[in-house]
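A short worksheet on the structure shown next.
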Amino acid sequence: MTEPLRLPAGIHFDVAAKDYHADPAAEPSLSSSVANVLLTQSPRHAWQVHPRLNPEQPDETPTGAKEIGTAVHKLLLGRGASVVEIDAKDYRTNAAKEARSAAYDAGECPILKADYERATAMAEAVSKQLASIEGCDGFTAAAPEVVGICQDATGAWLRCMMDKLEERNGGAIIWDLKSGDLAAEPSGLGRRIANMGYEVQAAMYERIVITLRPDLAGRLRFRWIFVENEFPHLITVAELDNAGLEIGRKKVSAAIGLWNRCIQAGNWPGYPAQIVLAEYPPFAESAWLTRELDDERLRGLGNDPFLMRAPWQPPRPQRHQLSEIAS
Numbered sequence: 015m016t017e018p019l020r021l022p023a024g025i026h027f028d029v030a031a032k033d034y035h036a037d038p039a040a041e042p043s044l045s046s047s048v049a050n051v052l053l054t055q056s057p058r059h060a061w062q063v064h065p066r067l068n069p070e071q072p073d074e075t076p077t078g079a080k081e082i083g084t085a086v087h088k089l090l091l092g093r094g095a096s097v098v099e100i101d102a103k104d105y106r107t108n109a110a111k112e113a114r115s116a117a118y119d120a121g122e123c124p125i126l127k128a129d130y131e132r133a134t135a136m137a138e139a140v141s142k143q144l145a146s147i148e149g150c151d152g153f154t155a156a157a158p159e160v161v162g163i164c165q166d167a168t169g170a171w172l173r174c175m176m177d178k179l180e181e182r183n184g185g186a187i188i189w190d191l192k193s194g195d196l197a198a199e200p201s202g203l204g205r206r207i208a209n210m211g212y213e214v215q216a217a218m219y220e221r222i223v224i225t226l227r228p229d230l231a232g233r234l235r236f237r238w239i240f241v242e243n244e245f246p247h248l249i250t251v252a253e254l255d256n257a258g259l260e261i262g263r264k265k266v267s268a269a270i271g272l273w274n275r276c277i278q279a280g281n282w283p284g285y286p287a288q289i290v291l292a293e294y295p296p297f298a299e300s301a302w303l304t305r306e307l308d309d310e311r312l313r314g315l316g317n318d319p320f321l322m323r324a325p326w327q328p329p330r331p332q333r334h335q336l337s338e339i340a341s
């Protein structure tokens, strides 16, 4: 059996994606994706998805969208799993299913012929559009799939894999590709970043790179290239504003604190084992109360005798702080 790859703290080139995702740090390390799981679910979920803490990882369910994304990355970055084109309309036939499985077993990325044509068109569209955007001329020549591994000042080991790392004019730019079915329309990107936790990714990558390269403090930028799967495959290149970056840094700090506590205690708790109070969102309450006043169909319905009573209310369950849940 091949010994797993172990890498020291530093910035590393030519690390295979499978080795990175297996966690090659000296000790189990925290990535931005696991940090997001810690913050949005629980330490138990984070333990479940971590390759070193829980080596028995289930096989990832393949989808056409993921295969297109992998192919686009390969075409634009020049690195990653070999792409194997499957000459079939879909994966319904046994022959196509077997070819797909064989490719995954060999560590390759299978993709249907039509999807590969789409991925090729996407990569060409991205390159053409980047060439017309000021400040994006260095993307093509930048180093691809650069791995950063560091031991944080808190003692935690952290890791990241940057799609591209470009050094220019005494500073650096981290580039990250995001392809998918969602629109890349600029006004919706802030909400998309918040919904997906991408601010955690930006802040984690920043923390790792600056820990390894203190000379880049204040001179490091993080840029996403959002790409639409649908023709004409338009893109938007975006940087996060200061408010988003600051929230990302706070979230990363909280995730590292939780990570260290769980690592030291050897305890990865899930959700609280008692009844909690589900708080109704203020926006939903406000929307209904406004409708009661403005909707003509709801006016003049009279007072509901049931609502005019003073029914018995059960004791309110206690709210729990995150620190209590994780302890």
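Just add 14 to wherever you are in the sequence shown, counting from 1, and you've got this note's numbering.
Every residue gets a Cβ at the ideal spot worked out from N, C-alpha and C, and that includes glycine.
- In the structure shown, the three-state DSSP call for Lys264 is helix.
- DSSP lists Phe240 as the bridge partner or partners of Thr250.
- The beta carbon of Arg114 sits closer than 8 Å to the beta carbons of Pro76, Ile100, Tyr105, Pro124 from its chain, once the five residues preceding and following it are set aside; these are given in chain order.
- With a threshold of 16 other beta carbon atoms within 10 Å, Thr250 meets it and is buried.
- Ser193: member of the beta strand (DSSP E) spanning 185-194, first to last residue.
- If only uninterrupted alpha helix (DSSP H) runs of at least 4 residues are considered, those enclosed by the region 25-52 are 31-35.
- When the five nearest sequence neighbours on each side are left out, no beta carbon in the same chain lies closer than 8 Å to the beta carbon of Met322.
- Selection Ala137, Asn256, Thr304, Ile163 evaluated against Phe153 yields Ala137 as nearest (Cα-Cα).
- Within the same chain, Cβ atoms closer than 6 Å to the Cβ of Val98 are found at Ala117, Glu122, Pro124, the five residues on either side in sequence being excluded.
- Boundaries of the alpha helix (DSSP H) harbouring Gln215: 212-226, taken from the DSSP string.
- For Arg235, the three-state secondary structure derived from DSSP is strand.
- Contact holds between the region 232-252 and the region 182-198, because three or more Cβ pairs, one in each stretch, are under 8 Å apart.
- Residue pairing for Gly78: DSSP places it in no beta bridge.
- By the 16-neighbour rule on beta-carbons within 10 angstroms, Ile147 is exposed.
- Around Gln165, the same chain offers Ala23, Trp171 as residues with beta carbons nearer than 6 Å, after the five sequence neighbours per side are excluded.
- Annotation: Lys103 to Gly162 spans about 39 Å, alpha carbon to alpha carbon.
- Around Cys150, the same chain offers Leu144, Val251 as residues with beta carbons nearer than 7 Å, after the five sequence neighbours per side are excluded.
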